[in-house]
Amino acid sequence: MIMDTACEANLVLGLSCASTVEFEPLPPNWSAAEPSLTLGLFESANPKTETEARKPELGDKESCRAISDEVEEEGIARKKLRLTKEQSSLLEDSFREHSTLNPRLKQALARKLNLRPRQVEVWFQNRRARTKLKQTEVECELLRRCCETLSTENRKLQRELQELKSLKFMQPLYTATALTVCPSCKRMITSTRLLK
DNA sequence: TCGAGCACGTCTATTACCTCA
DNA sequence: ACTGAGGTAATAGACGTGCTC
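Going left to right, the first sequence walks through residues 1 to 196 as full-length UniProt numbering numbers them.
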């Protein structure tokens with residue numbers, strides 16, 4: 001089941017969207033600091049869930065705890081909320097600007113997206129983890145290619161060495177092999193020359 | 001000045017749930 | 001209808017940092 005709005009998303013949690021609520025105005029200077037929040041999503045109808053509506057304003061940890069307690073008390077299994085495209089998109093925009101949250105931005109985003117601050121916080125945590133994982137995969141691939149190149153180079157040098165050894169065995173008095181550094185590419189090269 | 005205790009934020013590993021092929 | 005894989009929201013615990021006493 002794909003949810004199209006934050007309200008519908010809340011229905012996944014078995015919460016009602018019947019009640020509407022007015023949101024507190026944002027701090028006077030936040031829009032300049034957090035331009036991504038000026039998109040105006042969910043501005044007209046931002047229903048809070050019943051759970052949120054009847055819950056007193058709490059700090060992040062407390063609100064999270066309150067919901068956990070409530071879920072525990074009522075014996076409700078943890079339900080998964082699917083963020084809407086609009087919610088994800090705004091979070092992404094915000095993440096592109098700052099990959100970490102400050103408390104004010106967290107509150108503002110939560111209000112804007114009709115999510116709990118804890119959900120915004122979790123989203124940023126998971127987003128950072130995903131970014132890091134992707135980055136690690138890219139670096140891993142880079143190292144793998146580098147390793148392949150070095151292996152190929154190593155095999156080539158081994159072959160060259162074998163050739164030189166056999167050459168030396170055949171003409172011990174006439175040739176000498178020297179290792180020098182190529183001035184252009186800065187790599188070690190071998191040179192063979194006649195002794196007489 | 002140093003250390004203990006606390007609050008808070010972040011990271012990491014893991015779980016739980018959802019969607020889709 | 002069932003199932004396994006993959007994606008991701010949520011949780012738990014460890015750790016670092018700053019502040020206060």
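Note that CB positions come from ideal geometry on N, CA and C, so glycine has one too.
The model shown is predicted, which means the values in this text are computed figures rather than measured ones.
Can the beta-carbon of Lys106 be found closer than 8 Å to that of Leu90?
Locating residue 106 in the first sequence gives position 106, where the first residue counts as 1. Locating residue 90 in the first sequence gives position 90, where the first residue counts as 1. With respect to Leu90, Lys106 sits apart: the two C-beta atoms are not nearer than 8 Å.
Thinking Ala110 and Val120 are a contact (beta carbons under 8 Å), I'd like their distance in whole angstroms, please.
Here residue 110 corresponds to residue number 110 of the first sequence, with the count starting at 1. Here residue 120 corresponds to residue number 120 of the first sequence, with the count starting at 1. Right, the Cβ-Cβ distance comes to about 5 Å (below 8 Å), so this counts as a contact.
What is the DSSP secondary structure of Thr100, reduced to helix, strand or coil?
For the purposes of this step, residue 100 is identified with residue 100 of the first sequence, where counting begins at 1. Of the three classes helix, strand and coil, the one that applies to Thr100 here is coil, per DSSP.
Thr152 (DSSP reduced to helix, strand or coil)
On the first sequence, residue 152 is found 152 positions in, with the first residue counted as 1. Residue state for Thr152 is assigned as helix, using DSSP reduced to three classes.
Could you name the residues of the same chain whose beta carbon sits closer than 8 Å to that of Arg128, not counting the 5 residues immediately before and after it, in chain order?
Position 128 of the first sequence, counted from the first residue, corresponds to residue 128. Around Arg128: Ser99, Thr100.
If we count the other Cβ atoms within 10 Å of its Cβ and call it buried at 16 or more, is Arg130 buried or exposed?
For the purposes of this step, residue 130 is taken as the residue at position 130 of the first sequence. Counting of Cβ neighbours within 10 angstroms places Arg130 among the exposed residues, the total staying below 16.
Name, in chain order, the residues that DSSP records as bridge partners for Met188.
Within the first sequence, the letter at position 188 stands for residue 188. Note: Met188 sits in a beta bridge opposite Val181.
Can you tell me whether Thr149 is buried or exposed? The criterion is at least 16 other CB atoms within 10 Å of its CB, across all chains shown.
The residue given as residue 149 occupies position 149 in the first sequence. With fewer than 16 neighbouring CB atoms inside 10 Å of its own CB, Thr149 falls in the exposed class.
My understanding is that Gln87 touches Leu115, with C-beta atoms under 8 Å, so please give their C-beta distance in whole angstroms.
Locating residue 87 in the first sequence gives position 87, counting from the first residue. Locating residue 115 in the first sequence gives position 115, counting from the first residue. So it is a contact: roughly 7 Å between Cβ atoms.
Classify Thr152 as buried or exposed, calling it buried when 16 or more other Cβ atoms lie within 10 Å of its own Cβ.
Here residue 152 refers to the residue found at position 152 of the first sequence. By the C-beta density criterion, Thr152 is exposed, having fewer than 16 other C-beta atoms within 10 angstroms.
Under a Cβ-count criterion, where at least 16 other Cβ atoms within 10 Å of its own Cβ denotes burial, should Ser184 be classed as buried or exposed?
Residue 184 sits at position 184 when you count from the first residue of the first sequence. Label assigned to Ser184: exposed.
Just tell me which of Val181, Phe95, Arg144, Lys156 has its CA closest to the CA of Asn126.
Residue numbering aside, residue 126 sits at position 126 when the first sequence is read from its first letter. If we check each option's Cα against that of Asn126, Phe95 comes out closest.
Residues near Val181 by beta carbon distance below 8 Å, same chain, minus five either side
Working through the first sequence from its first residue, we reach residue 181 at position 181. Excluding sequence neighbours, Val181 sits near Arg187, Met188, Ile189.
As assigned by DSSP and simplified to three states, the class of Leu157
As a position in the first sequence, residue 157 is number 157, starting the count at 1. In the three-state reduction of the DSSP assignment, Leu157 falls in the helix class.
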